[in-house]
Structures are given as structure tokens and as C-alpha cells.
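Q: Have a look at the structure that comes next, please.
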Amino acid sequence: MLRGVADGFRHLGQERATRTLVIALSGLNLAVGPAISIGLPLQATSRGWGAGAVGVFEALVGGGAMIGALIVVRWRPRHEAIGGFAALMVQGAGIVALGLGSQIVVGIGCLAIGLTAGFASTLLSSTFAATAAPDYLGRLGSILRLGDDCLMPVAMAAFGALAGVFPLWVPFALYGGAMTLLMIVPLRNPQLRQLSLRSPVEEPVDEDQDA
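In this note's numbering, the protein residues as written are -3 to 207.
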């Protein structure tokens, strides 16, 4: 298994577009995960909103994700990777909004996070499957999972440490801002900017009939 993962890393060293995509995808949950799992309960506790508010906020995230995925069914951008990563820049702003303290603003932020998560995950999962070489798809998927499993505990601990030292809005702003900045990397990749999963559409042929 370790040999297979090592082969996956060597493949990433040779494929710039795939490497950029894997790096970006590896960091997605590291920002939103701590904000939802740790940040929302801390926010509700500090503001006296109660456990019910946390449930409503998480329901907004889940409902928004479902709606975001359905939007892709009805409308898909021409360049899927660009659409997905642009949506995740908006998600970064949503994470920042969770730290602003108003229930309405936090609710809007949760809904925005859910919408962009459902929209982007649908687009980027298909982009990843289309971009990665078929022989390395499983190994690259393992690398994504490995990064998430190894770094998530660190991201969770860091969020909690920041919340204990600084005002609560600070970790939300840092994590949301970091996510937005991370999305600039794939958005600037020329291969990902040009990538489209749409099948070529044949132009209609005009048939001239002479009377």
C-alpha cells in the first residue's frame, strides 16, 4: 500500500494540473470543518443562543448543500473547475461571516457554506475523476484522504487554541481568509482554467434546397 501511495506522489510531481487540484482539494475541509464543528458551538455558547440554534445552523448547511448539488443538475458552468473553485472562494467569505455574532448573519453564512459546498463538490469530484490518470485515480484518492485524516486534528486544535487566546471572530476570519486565498492557486492554473468536461456539440448543418 505504501508503495502505491509513493507512486501517487511521484505522479503528482509530473502532472502540474493534477497536483494543483489535489493540493486544493486536500485543504477544503480543513477550513470549514473546524468552523462548523468547533466554531458554531462556541459562538452559540458565548452569545447564549442555546443548542437549538446550533441545530438550525447545521440544518442550513445541510439543506444548502442539497440545494447546491441540485443547482448543478439544472445548470453546469462551461468550465467546471473554475466554477467550483470560485464557489469555494464565496465559502471562505461564509466562514468569516460565522464569526460576526449576529444570528441572521451566521445563518446566512451557514446557508452560503452549504450551497457552495454542494455546488463545488459535485463539480470538483467530476473534474478530479476526469483529470487524474485512470491508473492513479485510486492512489490519488488515498492521498486526498490521507491529507484530510492527518491534518484535520491539527486544524481542529489550532482553531480551538486561537479561539481561547483571541476574540472568537479571529479564527473564523483566519480560516475563511486562508481558504479564499488557497482557491487563487487553482484559479490561476491555465490547464484547469481551460478544462471543460462538456462533450463537443456538433454545429447544425444547414441544408440548402434549390427550388
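Backbone N, C-alpha and C fix where the C-beta goes; we use that ideal spot for every residue, glycine too.
1) I need the boundaries of the alpha helix (DSSP H) containing G58, first residue and last residue.
2) Taking the Cβ atom as the reference point for each residue, do G48 and G110 lie within a distance shorter than 8 Å?
3) Less than 8 Å between the beta carbons of M85 and M179, yes or no?
4) Measuring only the C-alpha atoms, how far is L170 from L191?
5) Any idea if V69 is buried or exposed, counting beta-carbon neighbours within 10 angstroms, 16 or more meaning buried?
6) With a threshold of 7 Å on Cβ separation, who are the neighbours of I67 within its own chain once the five nearest residues in sequence on each side are excluded?
7) Ends of the alpha helix (DSSP H) at A128?
8) Compute the Euclidean distance between the alpha carbons of L36 and G97, then round it to the nearest angstrom.
A: Taking the structure as given:
1) Counting along the chain, the unbroken alpha helix (DSSP H) around G58 starts and ends at A47 to R70.
2) no
3) In this structure, M179 lies closer than 8 Å to M85 by Cβ.
4) Using only the alpha carbons, I get a separation of about 30 Å.
5) exposed
6) F115
7) From DSSP, A128 is part of no alpha helix (DSSP H); its letter is neither H nor E.
8) 10 Å
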